[in-house]
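Those letters in the sequence shown? Residues 33 to 611, per this note's numbering, in order.
Following: one structure in structure tokens, then a few remarks.
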Amino acid sequence: MIKIGNCSGFYGDRISAMREMLEDGELDYLTGDYLAELTMLILGKDTFKDPNLGYARTFVRQAEDCMGLALEKGVKIVSNAGGLNPRGLADKLREIAGGLGLNVAIAHIEGDDLRPKVAELGLANEYGDPLTANAYLGAFGIASALKQGADVVVTGRVTDASVVVGPAIAAFDWQTTDYDPLAAAVVAGHIIECGTQATGGNFAGFLTLPDRRKPFGFPIAEISADGGVVITKHEGTGGAVLVDTVTAQLVYEIQTTTYLNPDVSVDLSSIELSQQGTDRVAISGVRGFEPPENLKVCLNHIGGLRNSCEVVVTGLDIEEKIAWIKQQVEDSFDGDLPARLEWSNPGVAPLNAATEEAGSVLLRLSAFDTDANKVGKAFTAPLVELALASYPGLSLTSPPGKPSPYGVYSAAYVPREAVEHRVVHANGDVEVIADPETAAGAPEGVRREAGALTEGVSAEGSGSTTTAPLGSFVYARSGDKGGDANVGLWVRHDDDPRYEARVAWLLGAITPESVRALLPEAQDLGVEVYPLPNLGGVNVLIRGLLGAGVAATSRFDPQAKGVGEWIRSRFLEIPEGLL
33 MIKIGNCSGF YGDRISAMRE MLEDGELDYL TGDYLAELTM LILGKDTFKD PNLGYARTFV
93 RQAEDCMGLA LEKGVKIVSN AGGLNPRGLA DKLREIAGGL GLNVAIAHIE GDDLRPKVAE
153 LGLANEYGDP LTANAYLGAF GIASALKQGA DVVVTGRVTD ASVVVGPAIA AFDWQTTDYD
213 PLAAAVVAGH IIECGTQATG GNFAGFLTLP DRRKPFGFPI AEISADGGVV ITKHEGTGGA
273 VLVDTVTAQL VYEIQTTTYL NPDVSVDLSS IELSQQGTDR VAISGVRGFE PPENLKVCLN
333 HIGGLRNSCE VVVTGLDIEE KIAWIKQQVE DSFDGDLPAR LEWSNPGVAP LNAATEEAGS
393 VLLRLSAFDT DANKVGKAFT APLVELALAS YPGLSLTSPP GKPSPYGVYS AAYVPREAVE
453 HRVVHANGDV EVIADPETAA GAPEGVRREA GALTEGVSAE GSGSTTTAPL GSFVYARSGD
513 KGGDANVGLW VRHDDDPRYE ARVAWLLGAI TPESVRALLP EAQDLGVEVY PLPNLGGVNV
573 LIRGLLGAGV AATSRFDPQA KGVGEWIRSR FLEIPEGLL
């Protein structure tokens with residue numbers, strides 16, 4: 033068995049976590065996830081300023097502080113902090129190690145950056161050539177680097193789970209056709225990749241956590257040669273590892289019931305979880321299949337410039353006030369509007385509110401265009417000029433700002449032979465990783481069609497009902513996948529004897545139509561529902577809720593982080609016997 037810890041879930045996570053993970057208990061490997069679609073855009077902008085950048089600079093600070101400690105404790109470090117410049121990061125780490133008098137073997141993974149092949153692969157679109165174009169690589173390059181004696185391995189855009197799968201392959205000498213253990217390691221990697229989200233962070237059941245006062249401990253995956261997995265954390269750290277906290281991370285930012293990775297396709301419906309003691313959740317039953325024949329590519333384009341203003345609307349007649357300011361502002365453009373002009377939909381504040389703030393709403397106006405003038409003063413001036421000439425109580429929440437560039441994310445798929453997965457070993461040797469056998473077509477997830485009933489739905493579903501929040505016994509976790517929103521819904525795991533009946537009801541109740549009723553913004557969008565009965569819930573995919581992605585949407589919750597909590601607060605008819 034090996035112990036693989038995580039010390040970062042995103043670029044900007046708790047910087048002390050690397051030292052904490054090394055000091056608070058035993059590990060064999062320490063991993064960190066620093067990359068996301070938005071992060072690749074940020075790193076791409078960094079390279080415009082300095083081509084020697086393009087990697088996560090916070091990792092450099094952590095490594096400078098902790099490389100000696102990791103070496104002393106025999107813990108190998110694997111991280112995707114290399115971003116767009118893994119070679120540059122590896123060189124920087126060698127420089128630091130030399131300055132500290134440390135003999136550290138540092139390897140890096142490259143080949144994911146497809147910018148030199150944009151024309152050849154047809155990756156340009158209406159926005160032109162992409163700012164970044166990175167294929168998601170697998171874990172066998174990491175494994176090879178570790179087998180060759182690397183103490184530190186830094187990568188570019190591998191999949192988030194790969195930094196965990198690679199150490200498992202190296203430790204147990206798994207082959208490319210060991211699909212079930214590879215799939216189990218992918219699941220383990222997916223659970224710990226977002227750091228403290230697996231130990232109680234961003235958790236719908238936060239009120240049940242035993243200790244919210246301490247900083248949450250980062251998660252650890254104990255992986256065995258046969259693919260057995262236990263998720264845990266260092267003893268004495270904050271938060272908790274529960275079946276529900278692990279479920280929350282399992283259903284986060286997935287799509288269908290088949291989770292595609294470069295090394296294996298994972299059947300998410302096969303996963304079984306069980307509490308094995310305090311802060312220990314076992315994962316079993318994971319099935320894997322051949323990986324897909326194509327590799328996914330993360331593309332970020334510069335879409336243009338954006339700007340926004342926000343005004344306060346207070347008290348009575350809010351709808352009429354909003355309608356008036358919209359008409360005044362739009363008329364001021366004399367028909368020459370920005371390419372996109374979008375108003376938020378703030379709703380109406382309660383009457384007779386206890387405070388002025390509670391009796392107000394915030395109305396936001398966003399503009400997008402390739403012409404800086406149209407989203408500069410020409411956009412902000414009308415709102416400023418109307419300060420004394422519009423509805424009573426108008427005020428801006430902040431002075432008008434300058435326009436800024438925004439990115440547009442999209443996914444592409446390229447044949448594996450178009451990508452050369454390379455390992456640059458610590459001694460400078462370069463190795464090309466061979467492609468595995470792949471499936472002719474990616475396995476499809478099992479989708480719930482509109483109005484379909486799931487087999488085994490309890491008869492309690494047809495009894496008397498009452499109106500109550502979905503969150504009465506259902507937890508949720510939501511997030512973004514490009515322009516789509518993902519929402520996992522599952523029945524909380526407790527000792528209630530109605531658990532099975534509640535699961536059966538949820539599987540029958542959540543359909544595309546009911547999701548649209550719970551989430552009015554999705555009325556005209558594609559909604560897909562995928563059952564996960566072993567986890568007691570479903571995964572919901574809402575196509576296009578976030579437009580062209582986090583950097584290009586005017587939605588106030590651009591990464592859909594709060595969508596799950598909003599859905600839990602929405603009312604629907606629930607059988608009285610389940611409440």
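From the three backbone atoms N, C-alpha and C, an ideal C-beta is built for every residue, glycine too.
Note that the structure is predicted; figures quoted are calculated from it, not measured.
Test item: CB-CB of residue i and residue j under 8 Å
{"i": "L300", "j": "V275", "result": "no"}
{"i": "D97", "j": "R46", "result": "no"}
{"i": "V455", "j": "E449", "result": "no"}
{"i": "S436", "j": "L337", "result": "yes"}
{"i": "E597", "j": "A236", "result": "yes"}
{"i": "E254", "j": "G188", "result": "no"}
{"i": "V329", "j": "A156", "result": "no"}
{"i": "L146", "j": "A165", "result": "yes"}
{"i": "V273", "j": "R244", "result": "no"}
{"i": "K434", "j": "G460", "result": "no"}
{"i": "I315", "j": "N38", "result": "no"}
{"i": "H453", "j": "I465", "result": "yes"}
{"i": "G320", "j": "V283", "result": "no"}
{"i": "P447", "j": "N326", "result": "yes"}
{"i": "S40", "j": "Y66", "result": "yes"}
Close Cβ partners of residue i (< 6 Å) along its chain, the five nearest in sequence each way excluded
{"i": "T269", "result": "G249"}
{"i": "D122", "result": "A small correction: the amino acid at residue 122 is Ala; Asp does not occupy that position in the sequence shown. Taken in chain order, the residues that qualify are I138, H140 and V186."}
{"i": "G576", "result": "G515 and L557"}
{"i": "T191", "result": "Y168 and N293"}
{"i": "A580", "result": "V440 and G515"}
{"i": "A257", "result": "F204"}
{"i": "W356", "result": "Y423"}
Reduced DSSP secondary structure (H/G/I, E/B, other) of residue i
{"i": "E463", "result": "strand"}
{"i": "G83", "result": "This sequence places Pro at residue 83; Gly is not what is there. Of the three classes helix, strand and coil, the one that applies to P83 here is coil, per DSSP."}
{"i": "L426", "result": "coil"}
{"i": "G221", "result": "helix"}
{"i": "V197", "result": "helix"}
{"i": "V380", "result": "coil"}
{"i": "Q360", "result": "helix"}
{"i": "V110", "result": "strand"}
{"i": "H315", "result": "One detail in the question is off: residue 315 reads as Ile in this sequence, not His. Note: I315 maps to strand in three-state DSSP."}
{"i": "N571", "result": "strand"}
{"i": "P370", "result": "coil"}
{"i": "C330", "result": "strand"}
{"i": "C39", "result": "coil"}
{"i": "Y291", "result": "strand"}
{"i": "L610", "result": "helix"}
{"i": "A482", "result": "Low local confidence applies: a pLDDT of 38 at A482 is under 50, so the model's placement there is unreliable, with the coordinate-based value given in what follows. Of the three classes helix, strand and coil, the one that applies to A482 here is coil, per DSSP."}
{"i": "N166", "result": "strand"}
{"i": "R587", "result": "coil"}
{"i": "S340", "result": "strand"}
{"i": "Q308", "result": "strand"}
{"i": "I174", "result": "helix"}
{"i": "L604", "result": "strand"}
{"i": "V186", "result": "strand"}
{"i": "Y211", "result": "helix"}
{"i": "D401", "result": "strand"}
{"i": "A443", "result": "strand"}
Neighbourhood of residue i by C-beta, 7 Å cutoff - its chain only, sequence neighbours within 5 removed
{"i": "G86", "result": "L75, D78, T79, G115, L116, N117 and G120"}
{"i": "I354", "result": "V345 and L395"}
{"i": "A517", "result": "S510, I574, L577, L578, A592 and V595"}
{"i": "I606", "result": "T497, T498, A500 and S504"}
{"i": "P370", "result": "A399, F400, D401, K406, V407 and F411"}
Contacting residues, own chain, Cβ-Cβ under 8 Å from residue i (five flanking each side not counted)
{"i": "L394", "result": "E342, V343, V344, V345, S376, P378 and T429"}
{"i": "G483", "result": "For G483, the pLDDT reaches just 36, beneath the cut-off of 50, and the residue's location in the model is therefore unreliable, although a value from the coordinates is still provided. Excluding sequence neighbours, G483 sits near T543 and E545."}
{"i": "F588", "result": "S376 and R396"}
{"i": "Y438", "result": "I334, G335, G336, L337, R338, F400, A583 and A584"}
{"i": "M72", "result": "G115, L116, T164, N166, R189, C330 and N332"}
{"i": "L132", "result": "E96, M99 and G100"}
{"i": "V262", "result": "A253, E254, Q308, R312, V313, A314 and I315"}
{"i": "L538", "result": "V506, L521, W522, V523, G568, G569 and V570"}
{"i": "A216", "result": "I255, G259, G260, V261, I315, V318 and G320"}
The segment 175 to 185 contacting the segment 105 to 124, beta-carbon criterion three pairs below 8 Å: Taking a contact to require three or more Cβ pairs closer than 8 Å, the segment 175 to 185 and the segment 105 to 124 qualify as touching.
Segment contact flag, the segment 190 to 205 with the segment 50 to 66, C-beta cutoff 8 Å, min 3 pairs: yes
Given 8 Å, three or more beta-carbon pairs between the segment 502 to 510 and the segment 276 to 287: yes
Validate contact between the segment 567 to 578 and the segment 306 to 313 using beta carbons, cut 8 Å, 3 pairs: no
Start-end ranges of the alpha helix (DSSP H) lying completely within the segment 502 to 553, minimum 4 residues: 531 to 541 and 544 to 550
Whole beta strand (DSSP E) elements within the segment 258 to 288, 3-residue minimum: 261 to 265
Segments of 4+ residues assigned as alpha helix (DSSP H) that fall wholly inside the segment 100 to 155: 118 to 132 and 150 to 153
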